[in-house]
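The structure under discussion appears below in the form of structure tokens.
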Amino acid sequence: MIPFRSTKFLLVLCIALVATGAVAYALLWFLFAREQSRAATISGGLREVEQARISDASLQTLLSETAPKRARADMLFVGKDGIVAFLKELERAGASAGVKTTVVKVAKKESREVEANLAGAGLETLSVAIEAEGSFAGVHRFLALAERLPRPIVLSRVSFAKGEKEIWSGVFELEVLKIK
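Numbering (this note's numbering), first residue to last: 24 to 203.
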């Protein structure tokens, strides 16, 4: 009976060792799979962070490369808070032409279909009426200087009138695009 007992003992021992090995293998496989999943998640997060960094760097490069062009483009429009600066620019043009300028009217132009198109681009039309008084040459020069401002200006109404003592008066209604 002893050989049977020792065989039985060895068999039970082998089964226990195999079971322990299988449990250890299953446990290690579970731990490895969990760590692999965490590593994949971390790797994906790092990849996203790296892509965001590359994106930020390329955007910064693009912004710095296009700064002069954007500044020139911005000069085509009256700024969001630039109405006063634009009016002063017109007054400087008048002073340069040797005429006295008076702002008669400043208003947002109300034209539904045109404004609907401009609104989509974040723009609106600003209507300005300005009066210039001085010599005929000075009033005409003011008109020419106003037309040559660095932004596109549409003259909707122009009138000249001769006053007393060779003093001419010009009333100019112009339209310019303004950023909303």
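Think of the CB as a built atom: it goes at the ideal place given N, C-alpha and C, for glycine as much as any other residue.
Of the residues the options, which one's Cα is nearest the Cα of residue i?
| i | options | result |
| --- | --- | --- |
| Glu189 | Arg95, Ser158 and Ala75 | Ser158 |
| Gly121 | Ala90, Leu113 and Val127 | Leu113 |
| Ala108 | Leu172, Thr89, Ser179 and Leu36 | Leu172 |
| Phe195 | Ile153, Ile176, Gly102 and Lys203 | Ile153 |
| Val127 | Asp104, Ala160, Ala63 and Ser192 | Ser192 |
| Phe165 | Thr64, Arg115, Ala42 and Leu82 | Arg115 |
| Leu197 | Ser182, Leu36, Phe55 and Ser60 | Ser182 |
| Ala184 | Lys111, Leu178 and His163 | His163 |
| Asp97 | Leu178, Arg174, Val41 and Glu58 | Arg174 |
Apart from the five residues just before and just after residue i, which ones in its own chain have a Cβ nearer than 8 Å to its Cβ?
| i | result |
| --- | --- |
| Met24 | Because Met24 carries a pLDDT of 46, less than 50, the predicted location of this residue cannot be relied on, and the following value inherits that uncertainty. Once the five neighbours on either side are set aside, Met24 has no close Cβ partner at all. |
| Leu33 | none |
Can you give me the C-alpha to C-alpha distance between residue i and residue j, rounded to a whole angstrom?
| i | j | result |
| --- | --- | --- |
| Val199 | Leu149 | 5 Å |
| Arg93 | Gln74 | 26 Å |
| Ala47 | Ser66 | 28 Å |
| Lys131 | Glu170 | 20 Å |
| Val151 | Arg95 | 23 Å |
| Val129 | Arg180 | 14 Å |
| Ala56 | Leu69 | 20 Å |
| Leu50 | Ala90 | 59 Å |
| Ala155 | Glu88 | 41 Å |
| Ile106 | Leu86 | 26 Å |
| Ala39 | Thr64 | 37 Å |
| Ala62 | Leu54 | 12 Å |
| Thr125 | Leu110 | 10 Å |
| Ser78 | Trp52 | 38 Å |
| Ser60 | Ala144 | 47 Å |
| Thr84 | Arg76 | 12 Å |
| Glu187 | Ala118 | 21 Å |
So residue i packs on residue j, CB below 8 Å; how close in whole Å?
| i | j | result |
| --- | --- | --- |
| Leu9 | Phe100 | For the chain, the structure presents residues 24 to 203; residue 9 sits outside this window and is missing. |
| Lys103 | Ile202 | 5 Å |
Between which two residues does the alpha helix (DSSP H) holding residue i run?
| i | result |
| --- | --- |
| Glu170 | Phe159 to Glu170 |
| Glu114 | Ile106 to Ala120 |
Leaving out five residues before and five after residue i in sequence, what residues of the same chain have Cβ atoms less than 6 Å from its Cβ?
| i | result |
| --- | --- |
| Lys31 | none |
| Val35 | none |
| Arg28 | none |
Tell me where the beta strand (DSSP E) around residue i begins and ends.
| i | result |
| --- | --- |
| Leu99 | Per DSSP, Leu99 belongs to no beta strand (DSSP E) and is neither H nor E. |
| Glu196 | Trp191 to Ile202 |
| Arg174 | Premise fails: Arg174 is in no beta strand (DSSP E) and is neither H nor E. |
| Ala130 | Lys123 to Lys131 |
Given residue i, which residues of its chain have a CB within under 7 Å of its CB, disregarding the five upstream and five downstream residues?
| i | result |
| --- | --- |
| Glu71 | none |
| Val41 | none |
Taking 6 Å as the cut-off, is the CB of residue i close to at least one heavy atom of the ligand FMN?
| i | result |
| --- | --- |
| Gly193 | Here there are no bound small molecules, and the ligand FMN is not part of this structure. |
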